[in-house]
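Trainee:
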Amino acid sequence: MLLAEQALNGLQYGMMLFLMAAGLTLVFGVMGLINLAHGSLYMTGAFACAAVAAATGSFWLGLVASLAAAAAAGALVEIAVIRRLYARDHLDQVLATFALILVFSEGTRWLFGSFPLYLKLPAALSGAVVLPGGLHYPLFRLVIIGFGAAVAVGLWWLITRTRLGIRIRAGEADREMIGALGVDIARLYTIVFALGAALAGLAGALVGTIQSVQVGMGEPVLILAFVVVVIGGIGSIKGALVGALLVGMTDTLGKALLPGLLSRVWDASSANTIGASLASVLIYVLMAVVLILRPQGLFGARG
Amino acid sequence: MELKRLLICGTAALALAGMAQAEPVKVGMITTLSGGGAGLGVDTRDGFLLALKNAGDAGKEVELVIEDDQQKPDVAVQIADKMIQSEQVDVLTGIVWSNLAMAVVPAAVAQDKFYLSTNAAPSQLAGAGCNPKYFSVSYQNDNLHEAAGAHATDAGIGKVFIMAPNYPAGQDSLAGFKRYYKGEVVSEVYTQVGQTDYAGEIAQIRNSDADAVFFFLPGGMGIAFMKQYAESGVGKPVIGPAFSFSQDILPAVGDAALGVKNTAQWAKDLDNPANKAFVETFQAEYGRLPSLYAAQAYDTANLLLSAIAKADVGDADAFRAALAEADFPSVRGKFSFGPNQHPIQDYYVREVVKEGDVLTNKIIGPAMTDHGDAYAEQCSM
Numbered sequence: 001m002l003l004a005e006q007a008l009n010g011l012q013y014g015m016m017l018f019l020m021a022a023g024l025t026l027v028f029g030v031m032g033l034i035n036l037a038h039g040s041l042y043m044t045g046a047f048a049c050a051a052v053a054a055a056t057g058s059f060w061l062g063l064v065a066s067l068a069a070a071a072a073a074g075a076l077v078e079i080a081v082i083r084r085l086y087a088r089d090h091l092d093q094v095l096a097t098f099a100l101i102l103v104f105s106e107g108t109r110w111l112f113g114s115f116p117l118y119l120k121l122p123a124a125l126s127g128a129v130v131l132p133g134g135l136h137y138p139l140f141r142l143v144i145i146g147f148g149a150a151v152a153v154g155l156w157w158l159i160t161r162t163r164l165g166i167r168i169r170a171g172e173a174d175r176e177m178i179g180a181l182g183v184d185i186a187r188l189y190t191i192v193f194a195l196g197a198a199l200a201g202l203a204g205a206l207v208g209t210i211q212s213v214q215v216g217m218g219e220p221v222l223i224l225a226f227v228v229v230v231i232g233g234i235g236s237i238k239g240a241l242v243g244a245l246l247v248g249m250t251d252t253l254g255k256a257l258l259p260g261l262l263s264r265v266w267d268a269s270s271a272n273t274i275g276a277s278l279a280s281v282l283i284y285v286l287m288a289v290v291l292i293l294r295p296q297g298l299f300g301a302r303g
Numbered sequence: 001m002e003l004k005r006l007l008i009c010g011t012a013a014l015a016l017a018g019m020a021q022a023e024p025v026k027v028g029m030i031t032t033l034s035g036g037g038a039g040l041g042v043d044t045r046d047g048f049l050l051a052l053k054n055a056g057d058a059g060k061e062v063e064l065v066i067e068d069d070q071q072k073p074d075v076a077v078q079i080a081d082k083m084i085q086s087e088q089v090d091v092l093t094g095i096v097w098s099n100l101a102m103a104v105v106p107a108a109v110a111q112d113k114f115y116l117s118t119n120a121a122p123s124q125l126a127g128a129g130c131n132p133k134y135f136s137v138s139y140q141n142d143n144l145h146e147a148a149g150a151h152a153t154d155a156g157i158g159k160v161f162i163m164a165p166n167y168p169a170g171q172d173s174l175a176g177f178k179r180y181y182k183g184e185v186v187s188e189v190y191t192q193v194g195q196t197d198y199a200g201e202i203a204q205i206r207n208s209d210a211d212a213v214f215f216f217l218p219g220g221m222g223i224a225f226m227k228q229y230a231e232s233g234v235g236k237p238v239i240g241p242a243f244s245f246s247q248d249i250l251p252a253v254g255d256a257a258l259g260v261k262n263t264a265q266w267a268k269d270l271d272n273p274a275n276k277a278f279v280e281t282f283q284a285e286y287g288r289l290p291s292l293y294a295a296q297a298y299d300t301a302n303l304l305l306s307a308i309a310k311a312d313v314g315d316a317d318a319f320r321a322a323l324a325e326a327d328f329p330s331v332r333g334k335f336s337f338g339p340n341q342h343p344i345q346d347y348y349v350r351e352v353v354k355e356g357d358v359l360t361n362k363i364i365g366p367a368m369t370d371h372g373d374a375y376a377e378q379c380s381m
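So the protein sequences, as listed, match chains X and R.
Numbered per UniProt numbering, the first sequence finishes at 303, counting up by one with no gaps.
Numbered per UniProt numbering, the second sequence finishes at 381, counting up by one with no gaps.
(1) Candidates E280/R, Q296/R and A252/R: which alpha carbon is nearest Q228/R's?
(2) So is I101/X in contact with chain R if we call contact Cβ pairs under 8 Å?
(3) Classify M29/R as helix, strand or coil using the three-state DSSP reduction.
(4) Can you name, in chain order, every residue of its own chain whose Cβ lies under 7 Å from the Cβ of V75/R, other than the five neighbours on each side?
(5) Note down, in chain order, all residues in the segment 131-163 of chain X with a beta-carbon under 9 Å from any beta-carbon belonging to chain R.
(6) Can you give me the C-alpha to C-alpha distance between G208/X and A225/X, rounded to a whole angstrom?
(7) Hey, is Y118/X's beta-carbon within less than 8 Å of any beta-carbon in chain R?
(8) Quick test of the definition: if touching needs 3 or more C-beta pairs under 8 Å, does the segment 230-249 of chain R touch the segment 37-52 of chain X?
(9) Mind checking whether M29/R and G94/R have CB atoms under 8 Å apart?
(10) What are the complete alpha helix (DSSP H) segments, minimum 4 residues, inside the segment 70-129 of chain R?
(11) Would you identify the three-state DSSP class for S330/R, choosing helix, strand or coil?
(12) When you check each C-beta in the segment 210-226 of chain X against every C-beta of chain R, which residues fall closer than 8 Å?
(13) Is there a C-beta anywhere in chain X that falls below 8 Å from the one on P251/R?
(14) With a floor of 3 residues, list each beta strand (DSSP E) that falls wholly inside the segment 108-172 of chain X, ordered by position along the chain.
(15) Is it the case that the segment 282-293 of chain X contacts the segment 195-207 of chain R, given that we only count it when at least three CB pairs across the two stretches are under 8 Å?
(16) Run through chain X and tell me which residues come within less than 7 Å of Y190/R, C-beta to C-beta.
(17) If we define contact as Cβ-Cβ less than 8 Å, is I223/R a contact residue for chain X?
(18) With a threshold of 6 Å on Cβ separation, who are the neighbours of E78/X within its own chain once the five nearest residues in sequence on each side are excluded?
(19) Could you run through the segment 1-20 of chain X and flag, in chain order, every residue whose CB is less than 9 Å away from some CB of chain R?
(20) Cβ of F115/X less than 8 Å from any chain R Cβ?
(21) With a threshold of 8 Å between beta-carbons, can residue 330/X be considered close to chain R, or not?
(22) Within this structure, are the beta carbons of residue 304/X and A70/X separated by less than 8 Å?
(23) Could you tell me the distance, in whole angstroms, from the CA atom of A230/R to the CA atom of P116/X?
(24) How far does the alpha helix (DSSP H) with N207/R in it extend, from its first residue to its last?
(25) Could you give the C-beta distance for A103/R and V77/R, rounded to a whole number, given that I count them as a contact under 8 Å?
(26) Under a CB-based cut-off of 8 Å, is G239/X close to chain R?
(27) Considering Cα atoms alone, identify which of K261/R, P132/R, A318/R and D315/R is closest to D154/R.
(28) Cβ of G127/X less than 8 Å from any chain R Cβ?
(29) Can you tell which of Q296/R, V91/R, A55/R and K276/R has its C-alpha closest to the C-alpha of T118/R?
(30) Strictly below 8 Å CB to CB, what residues from chain R border S280/X?
(31) For the alpha helix (DSSP H) containing G179/X, list its first residue and its last residue.
(32) Exposed or buried, L292/R, counting other C-beta atoms within 10 Å across all chains shown (16 or more means buried)?
(33) Going by other Cβ atoms of all chains shown within 10 Å of its Cβ, with 16 needed for buried, is W157/X buried or exposed?
(34) DSSP puts residue 385/R in a beta bridge; with which residues?
(35) So, is the C-beta of V42/R closer than 8 Å to a C-beta in chain X?
(36) Taking the straight line between their C-alpha atoms, what separation do you get for L155/X and R84/X?
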């Protein structure tokens, strides 16, 4: 029973990471841009949701606002800053987007103050439900799994079944060629970036309801999202999904099972300490193994 | 002609300066004013400034320089060097985090500067590493956890699940709790620093036979855990040190925190005149309730002012003796220093309650009385 609950936790955590990593890998793959400020867009979504939910009393309006605010912030940033970076090397991109993190963090602090904000679940989604088998599980975590799955399906449809998807894939493969064929690349990039930002904003709003909405909330998740992107393969949505689920499962099950396994070898307190330390490096071990076996990532097209 | 007038003016100005009182004491405050931890630093700064303001003319004898450490040890060290060498401060204060304090304090006291801690008080500086120039006005890091352990014992909690992040302050926390807890610890879990999802730990709590949960998760970690715990439907009571139920983050935790017992050496309803004045003026000045960090900084400033009134900061021995007397009206009521210059004070059990729409803490009883710390014996001063 405990194992079932932990597996569900791993799935939920993976879906949460996927929401974050999907936008990141899209931008990384299509535009070749390393966007460290992705976490800031996640934060923007969470703050927009908290502010609108507090003002209107409706979580759903907050969720819409998070999408809109993050997409708008993304488009603005793309037009004002990112656009100048495509031709530069990755180091310049890292530097500029790191500067954006600082601007976003202090800007948010300036607007909303230094103290964490309150974001509450709507009553309809709060509390625990009983799953088949008698397992009590928080309803909202199931909702996050649902959102993750919906986003995965939606992105798959967008990429494979729509005209915009064709252009995105074409842009990924050869950006000069689609420019020559008359596609407005600048607009395409703004759209893709705003889409990635909106996904990050949605993740921020969803996750903010069960975590803290505060300045700097995006950075810890950003690191994990990069791990997911690297494991899954740069630019692959499918890779992001599989990578996120792998990371989520590994992290959750590692933390849950390792101390117990180690306590057969060591005494309880050292097993706990060692287990916790080992569990926290497990996903990086996973990343290293994947990179050794498949340097381009599980579903990456590029070497 | 012009030159002569200038000379006269200059001489007059010099004479005036000579007549004025002694130079103000220069205080360097290094605290976290940006990023996710800024709420704690802002309260530290505001509490300190309020004490100076409330002191009237006496407060003007302190010249305060404030800088933001961004919660980064390397930045804190740079600021400390600058304050000591080019600004030539007499006293340093304000650091919130223990890892930053460990990077700054030993070097600062080695350069003959006083350091008054408004919050961080790692065990290393309380035991063998104690220093005549270092005073902790807040507590020793283990104290609030020890008080929680004592409370759990008093409340007759037989089995407890304990949890803290896997870093030095987290390990100290669990050690402090166990030092005064007489029941059975059924499970001891270390989480990752900065962890935001606690589903795994909550599943373990649900499946353990513990009667209660003790946790130390400062800042956003505590907000996340409390919200997720409330959603999970696991009804086991929660106890912890005040950090996750302090006024700066209670609004963000929301109703999930209601009824939680937590331990601290201060609460806004402590009944003494100094505290009443503090809470009232803080609300009037800043429009919010003060947190534990604000109270500690307020006390630190008042301690400093009490020493300035008695001794010249240039005379290190006299100034140290004046500080050690702790002759100031503490918002905690009773306050004195132990042999290692850490507080001997009372600790209370507080409960999170709602006053109108505002979540805050109410004292429900004592946890420990005249409590010092476990490291004082190792200090040889």
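Note that the Cβ used here is the ideal one computed from N, Cα and C, for glycine as well.
Mentor: So, to answer that:
(1) Here residue 228/R corresponds to residue number 228 of the second sequence, with the count starting at 1. Among E280/R, Q296/R and A252/R, the Cα nearest to that of Q228/R is on A252/R.
(2) Counted from its first residue, the first sequence places residue 101/X at position 101. So, not an interface residue.
(3) Walking along the second sequence from the start, residue 29/R turns up at place 29. In the structure shown, the three-state DSSP call for M29/R is strand.
(4) Here residue 75/R refers to the residue found at position 75 when the second sequence is read from its first residue. Result list for V75/R: D69, in chain order.
(5) H136, Y137, P138, L139, F140 and R141
(6) What you label residue 208/X is simply residue 208 of the first sequence in a count that begins at 1. What you label residue 225/X is simply residue 225 of the first sequence in a count that begins at 1. G208/X and A225/X: Cα-Cα distance of roughly 16 Å.
(7) Position 118 of the first sequence, counted from the start, is the residue given in the question as residue 118/X. Taking Cβ atoms only, chain R reaches closer than 8 Å to Y118/X, which makes this a yes.
(8) no
(9) Numbered from 1 along the second sequence, position 29 holds the residue referred to as residue 29/R. Numbered from 1 along the second sequence, position 94 holds the residue referred to as residue 94/R. Cβ atoms of M29/R and G94/R: closer than 8 Å.
(10) 73-85 and 98-110
(11) If you number the second sequence from 1, residue 330/R lands on position 330. Residue state, collapsed to three classes: strand.
(12) I210, Q211, S212, V213, Q214, V215, G216, M217, P220 and V221
(13) Stepping through the second sequence from its first residue, residue 251/R is reached at position 251. Yes, contact with chain X.
(14) 128-131 and 135-138
(15) no
(16) For this step, residue 190/R is matched to residue 190 along the second sequence. Under the 7 Å cutoff, chain X gives N272, T273 and A276.
(17) For this step, residue 223/R is matched to residue 223 along the second sequence. So, interface residue.
(18) By one-based count along the first sequence, residue 78/X stands at place 78. Closer than 6 Å at the Cβ level, and outside the excluded window around E78/X, lie T190 and F193.
(19) M1, L2, E5, Q6, L8, N9, G10, Q12, Y13 and M16
(20) Position 115 of the first sequence holds residue 115/X. Answer yes: the Cβ-Cβ gap between F115/X and chain R drops below 8 Å somewhere.
(21) Because chain X here runs from 1 to 303, residue 330/X falls outside it and cannot be looked at.
(22) Look at the range of chain X in this structure, 1 to 303, and you will see that residue 304/X is not part of it.
(23) Here residue 230/R refers to the residue found at position 230 of the second sequence. Here residue 116/X refers to the residue found at position 116 of the first sequence. Roughly 18 Å between the two C-alpha positions.
(24) Taking the second sequence and counting its residues from 1, one reaches residue 207/R at position 207. Counting along the chain, the alpha helix (DSSP H) containing N207/R begins and ends at A199 to N207.
(25) Here the question's residue 103/R lines up with position 103 in the second sequence. Here the question's residue 77/R lines up with position 77 in the second sequence. Yes, A103/R and V77/R are in contact; Cβ-Cβ is about 5 Å, under 8 Å.
(26) If you number the first sequence from 1, residue 239/X lands on position 239. Closer than 8 Å: no.
(27) Taking the second sequence and counting its residues from 1, the one referred to as residue 154/R is at position 154. Ranking the options by Cα distance to D154/R, first place goes to K261/R.
(28) By 1-based counting over the first sequence, the position of residue 127/X is 127. Yes, because at least one Cβ of chain R sits closer than 8 Å to the Cβ of G127/X.
(29) Locating residue 118/R in the second sequence gives position 118, where the first residue counts as 1. The shortest Cα separation from T118/R among Q296/R, V91/R, A55/R and K276/R belongs to Q296/R.
(30) Here residue 280/X is taken as the residue at index 280 of the first sequence, counted from 1. Those are N166 and Q192, listed as they occur along chain R.
(31) Position 179 of the first sequence, counting from 1, holds the residue named residue 179/X. Run containing G179/X: R175 to A180, per the alpha helix (DSSP H) assignment.
(32) For this step, residue 292/R is matched to residue 292 along the second sequence. L292/R comes out buried.
(33) If you number the first sequence from 1, residue 157/X lands on position 157. The residue is exposed, with fewer than 16 neighbouring Cβ atoms inside 10 Å.
(34) In this structure chain R extends from 1 to 381, so residue 385/R is not present and cannot be described.
(35) By one-based count along the second sequence, residue 42/R stands at place 42. Residue contact with chain X for V42/R: present (Cβ-Cβ distance below 8 Å to some residue of chain X).
(36) Your numbering for residue 155/X matches position 155 in the first sequence. Your numbering for residue 84/X matches position 84 in the first sequence. The straight-line gap from Cα to Cα measures roughly 27 Å.
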